[in-house]
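Here is the structure we will look at.
Protein chains in written order, with my numbering: chain A, 890 to 1263; chain P, 2 to 103.
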């Protein structure tokens, strides 16, 4: 399942505690939590311990204050914990008045965690370094909560101040642009994380995705495009012929892919799922057997469609054999090959069919490399 | 909307009490893990009362009576006393009286 951005944000939040105070924090890189300096001020001054509780796995971790900046309007701290498989938020600075903001934190009124929504009003402070927001109740404990800008899908700020904790009058926070200025090494760490773990980016909807203008989000022109092929055992021979035709593209470094035969119900299935989640092109080898298989239909094709709709991958059905039921599926809208609609086995020369299919796949790869998005 | 918060304070004898307090001004919202000492409030009261009495002494009336209301205020960093209009919503109503009264 492509997770919702709400879930992903929740999973990145933690409770930060010292002997004198408590607040919220969130993961910005593997093993690195961002929070407000004032949340850990007494620990910094008295060299007392800081503890981080990661609600998503229920475990407490002791933390080291790696960076502490409390000067003028800046009020930020980076905490290092002994973890390297945590999820991370996508930091993206764009925010404007009237943007819808979603936050998750650990206020005194809901210590197990609660969502809060706000509306952005714009900027505040001498250097306009703070984000002002309204229409939400900012309670004690929420300092350090991430502010997700729903318009872009990126975290645009961190909660710092409440105008009045008793009413829904909002408050202010520090902008992501300021965070990245204070801790410029986060740029590289964010890039490395999101290039390898695409869950956050895959969760962006069609409106959010084009608004994230990060140059490292596009496909690197040098790397081969990962292709995943979904097929039924009954079509093993035809699949083999397709693979043979794709060999030259593989040799030229244009594509790479999951080559081994898939046996459903084995550990290979888990591996296959991972490849399905990473592929930029997903080929569905359509035949009556393929359509009839519960696994291929409910699991593989479902997941492929989700990724296609999230614009995370291009799904291309390849009609191997006559499959009348295909027109009635929700995948019928996808542009299928061969272009003339004639199933491969009906062609007098199958090599010709596969050659044309290969050409089309090559075009798709070329487009992906040019635009960076499917 | 009700703008009072219930805050805890520790008396000098160690007892922790709850006080209806009003939040003053924008606050950084870490959640304090400790209980503020009530002396933060009593010191403010002492300060206010002293200033009022000293001022009146300068005026040297034969008798005077002063009444004021104090609320406990919660602000970034701890508790304080808030001098309020009237005595209706006050946590403490202070009446200072001396000399001859008519």
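Backbone N, C-alpha and C fix where the C-beta goes; we use that ideal spot for every residue, glycine too. From a predicted model like this one, the values you see are computed outputs, not experimental measurements.
Cross-chain neighbours of residue i in chain A, by beta carbon under 9 Å
i	result
residue 18(P)	Correct list: empty, because the minimum Cβ distance to chain A is about 18 Å.
residue 27(P)	1050, 1051, 1052, 1053, 1060 and 1061
Rounded straight-line distance, which links the Cα of residue j to that of residue i
i	j	result
residue 1108(A)	residue 1183(A)	With a pLDDT of 43 at residue 1108(A), under the threshold of 50, the modelled position of that residue is not reliable, and the figure given next carries that caveat. Rounded to whole angstroms, residue 1108(A) to residue 1183(A) spans 33 Å at the Cα level.
residue 1101(A)	residue 1243(A)	37 Å
residue 963(A)	residue 8(P)	28 Å
residue 1224(A)	residue 1201(A)	16 Å
residue 1146(A)	residue 1165(A)	10 Å
residue 984(A)	residue 1019(A)	11 Å
residue 1131(A)	residue 950(A)	51 Å
residue 33(P)	residue 911(A)	6 Å
residue 1120(A)	residue 1188(A)	12 Å
residue 1110(A)	residue 1103(A)	With a pLDDT of 44 at residue 1110(A), under the threshold of 50, the modelled position of that residue is not reliable, and no figure is offered here.
residue 1263(A)	residue 25(P)	Confidence at residue 1263(A) is low in this model, with a pLDDT of 41, below 50, so the placement of that residue should be treated as unreliable; the coordinate-derived value is given next. Near 53 Å, if we compare the C-alpha coordinates of residue 25(P) and residue 1263(A).
residue 1160(A)	residue 1118(A)	13 Å
residue 1186(A)	residue 1139(A)	28 Å
residue 1098(A)	residue 982(A)	14 Å
residue 43(P)	residue 18(P)	14 Å
residue 1240(A)	residue 1133(A)	10 Å
residue 953(A)	residue 971(A)	9 Å
residue 892(A)	residue 1094(A)	11 Å
residue 89(P)	residue 23(P)	14 Å
Three-state secondary structure assigned by DSSP to residue i
i	result
residue 1097(A)	coil
residue 1238(A)	coil
residue 950(A)	strand
residue 1215(A)	helix
residue 105(P)	In this structure chain P extends from 2 to 103, so residue 105(P) is not present and cannot be described.
residue 974(A)	coil
residue 964(A)	strand
residue 955(A)	strand
residue 25(P)	coil
residue 1108(A)	With a pLDDT of only 43 at residue 1108(A), under the threshold of 50, the placement of this residue in the model should not be trusted; the figure read from the coordinates follows. Of the three classes helix, strand and coil, the one that applies to residue 1108(A) here is coil, per DSSP.
residue 1080(A)	helix
residue 943(A)	strand
residue 87(P)	coil
residue 1123(A)	helix
residue 1140(A)	helix
Beta-carbon proximity check, residue i vs residue j, cutoff 8 Å
i	j	result
residue 1253(A)	residue 1205(A)	yes
residue 1174(A)	residue 1127(A)	yes
residue 907(A)	residue 945(A)	no
residue 897(A)	residue 1088(A)	yes
residue 975(A)	residue 920(A)	yes
residue 1058(A)	residue 1023(A)	yes
residue 1060(A)	residue 1036(A)	no
residue 1042(A)	residue 894(A)	yes
residue 1033(A)	residue 1116(A)	no
residue 13(P)	residue 92(P)	no
residue 966(A)	residue 901(A)	no
residue 35(P)	residue 909(A)	yes
residue 67(P)	residue 53(P)	yes
residue 1096(A)	residue 1044(A)	no
residue 75(P)	residue 6(P)	yes
residue 1208(A)	residue 1232(A)	yes
residue 1210(A)	residue 1177(A)	yes
residue 1050(A)	residue 4(P)	no
residue 37(P)	residue 80(P)	yes
residue 990(A)	residue 1009(A)	yes
residue 941(A)	residue 905(A)	yes
Spatially closest choice to residue i from the options, by CA coordinates
i	options	result
residue 1079(A)	1198(A), 980(A) and 924(A)	980(A)
residue 1091(A)	1045(A), 1197(A) and 928(A)	1197(A)
residue 1169(A)	939(A), 1195(A), 1076(A) and 1257(A)	1257(A)
residue 1084(A)	909(A), 1105(A) and 973(A)	1105(A)
residue 1114(A)	1171(A), 1122(A) and 1098(A)	1171(A)
residue 1053(A)	30(P), 88(P) and 99(P)	30(P)
residue 95(P)	51(P), 27(P), 11(P) and 23(P)	51(P)
residue 83(P)	40(P), 97(P), 45(P) and 11(P)	45(P)
residue 1064(A)	1040(A), 1014(A) and 997(A)	1014(A)
residue 1125(A)	1137(A), 1179(A), 1162(A) and 1163(A)	1179(A)
residue 934(A)	986(A), 1129(A) and 957(A)	957(A)
residue 915(A)	1046(A), 1010(A), 1191(A) and 1016(A)	1046(A)
residue 1235(A)	903(A), 1217(A) and 1212(A)	1212(A)
residue 10(P)	71(P), 23(P), 41(P) and 27(P)	41(P)
residue 943(A)	960(A), 955(A), 922(A) and 936(A)	922(A)
Partner residues on chain A for residue i, Cβ-Cβ distance less than 7 Å
i	result
residue 6(P)	1054 and 1055
residue 35(P)	909
residue 32(P)	910, 911, 912, 997, 1029 and 1030
residue 61(P)	Here the premise fails: no neighbours, minimum Cβ distance about 43 Å.
residue 24(P)	1053, 1054 and 1055
7 Å Cβ cut-off: residues of chain P touching residue i
i	result
residue 1019(A)	None at all; the shortest Cβ gap to chain P is about 11 Å.
residue 928(A)	31
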